[in-house]
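Heads up, the thing below is written out as structure tokens.
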Amino acid sequence: MSQTVIVAGVGMIPFAKPGASEPYHVMGEKAARAALQDAGVDYKAVEQAFVGYVYGDSTCGQRALYPLGMTGIPVLNVNNNCSTGSSALFLARQAVQSGAAECVLALGFEQMQPGAIKAAFPDRPTPFDEFDHVTDELVGHPEIPLALRYFGGAGKAHMDKYGTRLETFAAIRAKASRHAVNNPLALFRKEVSVDDVMASPTVWEGVMTRLMACPPTCGAAAAVICSDAYARKHGLNRQVRIAAQAMTTDFPSTFESQDMMRVVGYDMAREAARKVYEAAGVGPGELDVVELHDCFAHNELITYESLGLCPEGGAEKFVRDGDNTYGGKVVTNPSGGLLSKGHPLGATGLAQCYELTHQLRGTADRRQVKEARNALQHNLGLGGACVVTLYQAT
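So that you can map any letter, position 284 of the sequence shown is 798 in my numbering, and since no number is skipped, the others follow by simple counting.
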């Protein structure tokens, strides 16, 4: 029998620059404790734990959780690139919904190094071989770091196809900064203008400036997931439920379409969103707030379209009309998103869960989206995986 799944508690620590954070296990422990405290649950009640991180040795999850208690429970370590945090959440939700467990912890953390992301194991084939090959063919510019070529290439594809202007990506970054001003947990809380973004150092002429890319970040976030029956029995907060969730991986179109937007997960996101909307009986026009994977301003723009927030080719108008912020159609990334809040890979998906849970509880303070009832989360990892989750206020 399928169980109704409740987000009973969430926790998050302030995100920090590489070198300025505590060690991964300390950050993870703090986020887990915060989620347990928010839920009003003792760690002894947790039956399973799913712990996400990308950069770390095996069993880092146990290292972070053992200070909370060595209770003998299954602890599963999860690595799914930038979608790692929401992959841990996906597994936690499955465990509860299936009836395998009643109370589960999802935790994500990352202790990152400065600079562009690099391969940890250069002595063996990379899972990005085919991605790199297609990107070389479609984009070129081998002097530019690959992550910028992936997502900058996707943005350029949108520019070439629809005439999207560079200033539109700058407007997305400026919007992220305005939202992050109100988020005490965000890494960057200084507001920047479109002109500021345009004037920041150029990393790809005509395609991207430095402020259009998210920074490497350290941090941690967690969620306590339980069944509705468990929450009722123990008097836990039942304000937020996971109404639907879907995970997708790549389709043949990723490489066969010869389209950089699809190389970076457009079709994965579209299909995951379709499944979620169908399962929940909710359309994109009914969403109040969205936390989406804006690792680059370019990815935020194309994701508006893949999630159905606007028509294909309509993203620039969506931005220019202010439909992506307060007073518009749907508030996107009220947390400041990855661009301003930061992107600690293993924690990102659970930080999105943290934000949307508070939005649906009505406890997001100055970031609060008025009368939010339906909240969508989109978390993407190249290589690849995409997780889309719909939360509802009960």
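Don't be surprised by glycine CBs; every beta carbon is placed ideally from N, CA and C.
In the three-state scheme derived from DSSP, where H, G and I count as helix and E and B as strand, residue 601 is classed as helix. Boundaries of the alpha helix (DSSP H) harbouring residue 859: 859-875, taken from the DSSP string. Between residue 757 and residue 904, the beta carbon gap of about 5 Å places them in contact (Cβ cut-off 8 Å). The secondary-structure analysis by DSSP pairs residue 520 across a beta bridge with 740, 755. DSSP, reduced to helix, strand and coil, places residue 546 within a helical segment of the structure shown. Judged by DSSP in its simplified three-state form, residue 626 adopts coil rather than helix or strand.
In this structure, residue 634 sits near residue 569, with a CB-CB distance shorter than 8 Å. Taking all protein chains in view, the Cβ of residue 858 is crowded by 16 or more other Cβ atoms within 10 Å, so the residue is classified as buried. Counted as a single uninterrupted DSSP element, the beta strand (DSSP E) harbouring residue 891 occupies residues 888-895.
Under the three-state reduction of DSSP output, residue 799 falls in the helix class. The three-state secondary structure of residue 695, taken from DSSP, is coil.
Residue pairing from DSSP places residue 594 in a beta bridge opposite 596. Boundaries for residue 615: no beta strand (DSSP E) harbours it, and the DSSP string shows neither H nor E there.
Contact between the segment 733-744 and the segment 632-649 is absent: fewer than three C-beta pairs spanning the two stretches fall below 8 Å. An exposed status is given to residue 556, since fewer than 16 other beta-carbon atoms sit within 10 Å of its beta-carbon. In the three-state DSSP reduction, residue 653 falls in the coil class, being neither helix nor strand. Using a C-beta cut-off of 8 Å, the segment 593-610 makes contact with the segment 618-636, since at least three inter-stretch Cβ pairs fall below that distance. In the three-state scheme derived from DSSP, where H, G and I count as helix and E and B as strand, residue 823 is classed as coil.
The three-state secondary structure of residue 562, taken from DSSP, is strand.
Taken atom to atom, the span from the alpha-carbon of residue 604 to that of residue 848 is near 22 Å. Cα atoms of residue 527 and residue 625: separation of roughly 13 Å, rounded to the nearest angstrom. Taking 8 Å as the cut-off, the Cβ atoms of residue 546 and residue 582 count as close.
Check the Cα spacing between residue 666 and each of 836, 774, 696, 522: the tightest is with 774. Relative to the Cα of residue 673, the nearest Cα in the group 830, 636, 820 belongs to 830.
In the assembly as shown, residue 772 is an exposed residue. Its beta-carbon has fewer than 16 other beta-carbons within 10 Å.
Beta-bridge partners of residue 904 (DSSP): 758, 890.
Using a C-beta cut-off of 8 Å, the segment 802-813 makes no contact with the segment 747-765, since fewer than three inter-stretch Cβ pairs fall below that distance.
As a beta-bridge residue in DSSP terms, residue 846 pairs with 804.
8 Å or more divides the Cβ of residue 578 from the Cβ of residue 592. Taking 8 Å as the cut-off, the Cβ atoms of residue 893 and residue 863 count as close. In summary, residue 584 is exposed, with fewer than 16 beta-carbon neighbours lying within 10 Å of its beta-carbon over all protein chains present.
Cβ-Cβ distances below 7 Å link residue 559 to 617 in the same chain, with the five nearest sequence neighbours on each side left out; the list follows chain order.
DSSP lists 530 as the bridge partner or partners of residue 732. With a contact defined as Cβ atoms closer than 8 Å, residue 881 and residue 696 qualify at about 5 Å. By alpha-carbon distance to residue 718, the top candidate from 675, 850, 533, 670 is 670.
Two segments are said to touch when three or more pairs of C-beta atoms, one from each, lie closer than 8 Å; by this definition the segment 724-738 touches the segment 522-536.
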